[in-house]
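In the working numbering, the protein residues as written are 11 to 467.
Beta carbons are placed, not taken as given, at the ideal position from N, Cα and C, and that holds for glycine.
Bear in mind that the values here come from a model prediction, so they are computed numbers and not experimental data.
Working notes, structure below.
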């Protein structure tokens with residue numbers, strides 16, 4: 011009789027990813043931007059601590075409540091290796107179509123998780139604003155890294171811990187007290203595929219000190235030529251984590267664009283901490299990838315915070331797109347407003363789970379949440395679960411979800427004005443998505459995404 015205990019494939023697979031994260035080439039940082047010895051030693055402790063968490067976990071399955079609509083079995087079918095040892099030459103990474111004119115001199119680029127100084131341009135930033143990688147961080151801010159990096163709640167979640175366990179570099183945006191940044195800061199994370207499926211773990215740290223203001227564009231894309239929707243049989247896996255700290259009376263407008271390749275897997279985490287009187291607005295648009303998930307978590311640490319979450323997920327083919335959001339209010343006079351939309355075609359599958367917690371201390375909260383879904387095919391599917399948990403007794407809160415198809419009356423009205431059926435349907439879809447796209451405060455990005463939506467509709 012054998013005493014051997016079978017190891018679950020989810021555990022074995024996670025072990026392999028951890029090995030790639032800690033021992034793979036993603037650890038390499040350009041030598042001129044490497045960390046000093048003291049910071050490197052501190053970071054090693056952070057990595058080791060996270061690695062112990064990972065070794066006690068497994069890749070989630072549909073038996074886990076938070077993942078029951080998102081099947082990761084296709085991810086487990088691919089063996090990923092660490093990414094390229096260093097960024098390719100600029101000529102080999104076509105990013106011209108991904109550049110934003112408004113951020114021509116406030117752009118930071120990482121290629122396969124590795125800082126790419128030759129593709130970055132940061133000459134347009136005012137004094138008091140730092141944008142760069144960990145190795146470039148000024149000494150004053152470097153000494154304060156321990157207050158912010160890997161300090162958000164949820165650090166022990168499996169994919170977040172995996173990212174931290176392999177953390178050797180990060181994109182850092184640090185805005186000094188009362189400093190307003192007039193131009194958008196563009197963080198561009200480009201994936202370059204090859205014959206071997208690659209595994210990359212981008213990391214962002216954003217600190218907006220008291221009274222500061224910032225517009226941040228966090229952009230995930232592939233350097234593939236042509237439309238990224240086209241399958242290239244070169245999968246890659248992006249496991250991204252972003253931490254944002256909005257201190258008292260700070261304002262952060264955050265645009266998160268996920269436009270990965272058609273064979274990509276993307277799991278992203280955004281954790282936001284809001285101090286008293288701070289304002290945070292997130293505009294998240296997810297169009298790419300074979301399987302994508304965005305976990306968006308906002309935590310209050312003071313009263314009178316304002317949170318606005320706007321999201322658009324547009325899927326076709328056999329894509330799966332999952333958005334899980336949490337807004338944790340814990341102080342009085344908080345305001346939240348969330349609108350998330352999904353357009354789902356063919357055999358694609360959208361998931362939305364939005365939680366808003368209003369506990370007893372969060373009196374006089376004003377919270378609204380709405381998820382609207384448009385299904386374009388009989389095989390398209392959406393699972394939506396808005397959640398509002400209230401124990402405070404003096405609040406104004408509402409939430410809801412709708413699932414519908416294109417309204418026949420609206421299509422008929424447009425046809426009666428001379429449009430054919432296809433043009434009428436496309437116009438209605440553009441209008442549905444436009445409610446999210448048109449709110450983007452960066453004009454060139456608005457045009458870029460409008461074209462993507464129009465191309466798909």
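N-terminal and C-terminal residue of the beta strand (DSSP E) that residue i is part of
i: residue 2; result: Only positions 11 to 467 of the chain appear in this structure, which leaves residue 2 out of reach.
i: residue 255; result: 246-256
i: residue 284; result: 275-284
i: residue 77; result: Unbroken run through residue 77: none, as it is neither H nor E.
i: residue 209; result: 208-210
i: residue 42; result: Here residue 42 belongs to no beta strand (DSSP E), and DSSP marks it neither H nor E.
i: residue 261; result: 261-269
i: residue 219; result: Run containing residue 219: none; DSSP gives neither H nor E here.
Contact set for residue i: own chain, Cβ-Cβ below 6 Å, skip 5 residues either direction
i: residue 256; result: 218, 262, 284, 288, 290
i: residue 296; result: 268, 302, 323, 331
i: residue 155; result: none
i: residue 315; result: 284, 288, 344
i: residue 334; result: 305, 363
i: residue 282; result: 254, 290, 308
i: residue 23; result: 69, 86
i: residue 370; result: 401, 402
Contacting residues, own chain, Cβ-Cβ under 7 Å from residue i (five flanking each side not counted)
i: residue 113; result: 193, 194, 195, 196, 227
i: residue 187; result: 219, 220, 221, 222
i: residue 277; result: 169, 249, 303
i: residue 420; result: 438
Residue i and residue j closer than 7 Å at C-beta
i: residue 310; j: residue 340; result: yes
i: residue 358; j: residue 325; result: yes
i: residue 434; j: residue 425; result: yes
i: residue 144; j: residue 306; result: no
i: residue 175; j: residue 91; result: no
i: residue 177; j: residue 213; result: yes
i: residue 394; j: residue 362; result: yes
i: residue 251; j: residue 279; result: yes
i: residue 253; j: residue 146; result: no
i: residue 387; j: residue 355; result: yes
i: residue 70; j: residue 77; result: yes
i: residue 140; j: residue 184; result: yes
i: residue 159; j: residue 215; result: yes
Helix, strand or coil at residue i [DSSP, three-state]
i: residue 88; result: coil
i: residue 140; result: strand
i: residue 417; result: coil
i: residue 358; result: coil
i: residue 427; result: coil
i: residue 29; result: helix
i: residue 19; result: helix
i: residue 114; result: coil
i: residue 189; result: coil
i: residue 336; result: strand
i: residue 463; result: helix
i: residue 93; result: coil
i: residue 173; result: helix
i: residue 376; result: strand
i: residue 432; result: helix
i: residue 82; result: coil
i: residue 393; result: strand
i: residue 448; result: coil
i: residue 365; result: strand
i: residue 294; result: strand
i: residue 181; result: strand
i: residue 35; result: Bear in mind that a pLDDT of 47 at residue 35, under 50, signals an unreliable position, so the model cannot answer this.
i: residue 329; result: coil
Any non-hydrogen atom of the ligand GTP within 6 Å of residue i CB
i: residue 248; result: Absence of the ligand GTP is noted for the structure shown, with no ligands found whatsoever.
Assumed close pair residue i, residue j - CB separation to whole angstroms, cut-off 8 Å
i: residue 275; j: residue 85; result: 5 Å
i: residue 108; j: residue 190; result: Going by Cβ atoms, the distance from residue 108 to residue 190 rounds to 26 Å, so no, they are not a contact pair.
i: residue 381; j: residue 411; result: 4 Å
i: residue 460; j: residue 110; result: Actually they do not touch by this definition, with Cβ atoms about 14 Å apart.
i: residue 68; j: residue 18; result: 6 Å
i: residue 118; j: residue 135; result: Residue 118 to residue 135, Cβ: 10 Å. No contact.
i: residue 142; j: residue 182; result: 6 Å
i: residue 392; j: residue 360; result: 5 Å
Start and end residues, alpha helix (DSSP H) containing residue i
i: residue 60; result: 47-65
i: residue 232; result: Where residue 232 is concerned, there is no enclosing alpha helix (DSSP H), although the beta strand (DSSP E) it sits in stretches over 223-232.
i: residue 150; result: 149-152
i: residue 157; result: 155-158
Interface flag, residue i vs chain B, CB-CB below 7 Å
i: residue 438; result: Absent here is chain B; the protein component of the structure consists of one chain.
Contacts around residue i, its chain only, beta-carbon distance under 8 Å, and the 5 residues preceding and following it disregarded
i: residue 312; result: 258, 284, 285, 286, 287, 288, 341
i: residue 300; result: 84, 245, 272, 273, 274, 275, 328, 329, 330
i: residue 36; result: Since pLDDT at residue 36 reaches only 47, below the 50 mark, its modelled position is unreliable, and no value is offered.
i: residue 407; result: 366, 368, 375, 376, 377, 378, 398, 400
i: residue 32; result: 57, 61, 175, 176
i: residue 50; result: 44
i: residue 65; result: 25, 28
i: residue 167; result: 279, 305
i: residue 415; result: 384, 385, 386
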